[in-house]
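A quick write-up on the structure given underneath.
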Amino acid sequence: MMRGNSRTVESQQSGVHEKLEAIVEKYQRTENRRPIHGHTQQAFDEVEDWLSDWQGEVILDSCCGVGKSTAGLAQRYPEARVIGIDKSALRVNKHQHYETRQNNYQVVRADVVDFWRLMRASSNQSAWHIAAHYLLYPNPYPKPSQVQKRWHASQAMPDLMALSPRLEVRSNWLIYLEEFAVSAAKYAMQCDISEVNPEQPAFTPFEEKYQDSGQQCWRLVGVGES
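Here it is in structure tokens:
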């Protein structure tokens, strides 16, 4: 019996967007000079201070929402420090429902586009071992005209790809992950796409909702140069 009623992704696209590769190549040649938001700079400074004397692995959980996945990653990788980032104060403030007693993670409110840029530019970035980066169920923006709002076709992609040699992206829209793999290949990252096992505990509230609605979820694992 299905407990959810989440709608499936509907799109006029039947495959990878025809302009995707040209868009990715354009952003590889340009630099994002948008001013950094003040609240993101403050959040970054606090995280940078938290990691200042850390010698171990760091895991990013971008667009973490209420941070269920962040807490789960912190439990899964107790020897790492985990950073959950979301732009919504409303969602971040709901994290207390999923909060654990572990002290190896933080959930912060920040614009991930700015946060990625700051991490990439930081003089400490080379000292941080960002072992893995998670993007779990990003907004698919399924209309063909919205392609540049998808992370892999956005101006933020060069910064995203510079942070970690390992990425995991999950979605209930297979085309999103197929497109991500095409974009990542432009950065010498090889990707594998597989089905999410519905028998395992849901990683995020969205994953739980999609699975309860009988939808198939997918995961992309990308491995690049260290």
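When we follow our numbering, the leftmost residue of the sequence shown carries the number 1063, and every step to the right adds one. Backbone N, C-alpha and C fix where the C-beta goes; we use that ideal spot for every residue, glycine too. Only a predicted model underlies this, so the values are computations on that prediction, with no experimental measurement involved.
Spatial distance of residue i from residue j (CA atoms)
| i | j | result |
| --- | --- | --- |
| Ala1246 | Glu1230 | 12 Å |
| Cys1253 | Glu1241 | 11 Å |
| Gln1117 | Arg1138 | 19 Å |
| Arg1096 | Asn1234 | 31 Å |
| Val1120 | Arg1179 | 17 Å |
| Val1078 | Asp1115 | 43 Å |
| Pro1200 | Gln1273 | 16 Å |
| Gly1100 | Ser1073 | 36 Å |
| Asn1186 | Ser1068 | 42 Å |
| His1195 | Ile1147 | 11 Å |
| Glu1269 | His1191 | 28 Å |
| Lys1248 | Lys1271 | 33 Å |
| Val1144 | Ala1224 | 18 Å |
| Gly1127 | Ala1142 | 20 Å |
| Pro1220 | Arg1171 | 22 Å |
| Pro1260 | Leu1152 | 28 Å |
| Thr1162 | Glu1108 | 20 Å |
| Gln1262 | Lys1205 | 31 Å |
Given residue i as reference, the closest of the options once Cα atoms are compared
| i | options | result |
| --- | --- | --- |
| Ser1150 | Arg1163, Asp1173, Tyr1139 and Tyr1160 | Asp1173 |
| Leu1222 | Tyr1089, Arg1069 and Val1071 | Tyr1089 |
| Ser1256 | Val1244, Tyr1249, Pro1263 and Gln1278 | Gln1278 |
| Leu1113 | Ile1147, Asn1166, Asn1067 and Gln1103 | Asn1166 |
| Tyr1203 | Ala1224, Arg1228 and Leu1236 | Leu1236 |
| Gln1104 | Phe1265, Thr1092 and Phe1177 | Phe1177 |
| Gln1210 | Thr1070, Glu1087 and Phe1265 | Glu1087 |
| Gln1075 | Thr1092, Tyr1238 and Ser1124 | Tyr1238 |
| Cys1125 | Trp1213, Asp1107 and Lys1205 | Trp1213 |
Cβ separation of residue i and residue j, assumed to be a contact under 8 Å, to the nearest whole Å
| i | j | result |
| --- | --- | --- |
| Val1169 | Gly1129 | 4 Å |
| Leu1122 | Ser1226 | 7 Å |
| Ala1218 | Val1283 | With a Cβ gap of about 20 Å, Ala1218 and Val1283 do not count as contacting. |
| Ala1193 | Gln1164 | Actually they are not in contact, since the Cβ atoms of Ala1193 and Gln1164 sit about 17 Å apart, beyond 8 Å. |
| Ser1131 | Leu1198 | 5 Å |
| Ala1250 | Gly1286 | 6 Å |
| Arg1281 | Arg1232 | 5 Å |
| Ser1184 | Glu1110 | 7 Å |
Range of the contiguous beta strand (DSSP E) that encloses residue i
| i | result |
| --- | --- |
| Ile1085 | Not the beta strand (DSSP E): Ile1085 falls in the alpha helix (DSSP H), residues Leu1082 to Gln1090. |
| Asp1254 | Gln1252 to Glu1257 |
| Leu1113 | Neither: Leu1113 is in no beta strand (DSSP E) and is coded neither H nor E. |
Enclosing alpha helix (DSSP H) for residue i [first to last residue]
| i | result |
| --- | --- |
| Ile1098 | First-last for Ile1098: undefined, no H or E at that position. |
| Tyr1292 | For the chain, the structure presents residues 1063 to 1288; residue 1292 sits outside this window and is missing. |
| Asp1173 | Careful: Asp1173 lies outside any alpha helix (DSSP H) and carries neither H nor E. |
Cβ contact (3+ pairs, closer than 8 Å) linking the stretch 1066-1085 and the stretch 1154-1163
Flag = no, the stretch 1066-1085 and the stretch 1154-1163 do not touch.
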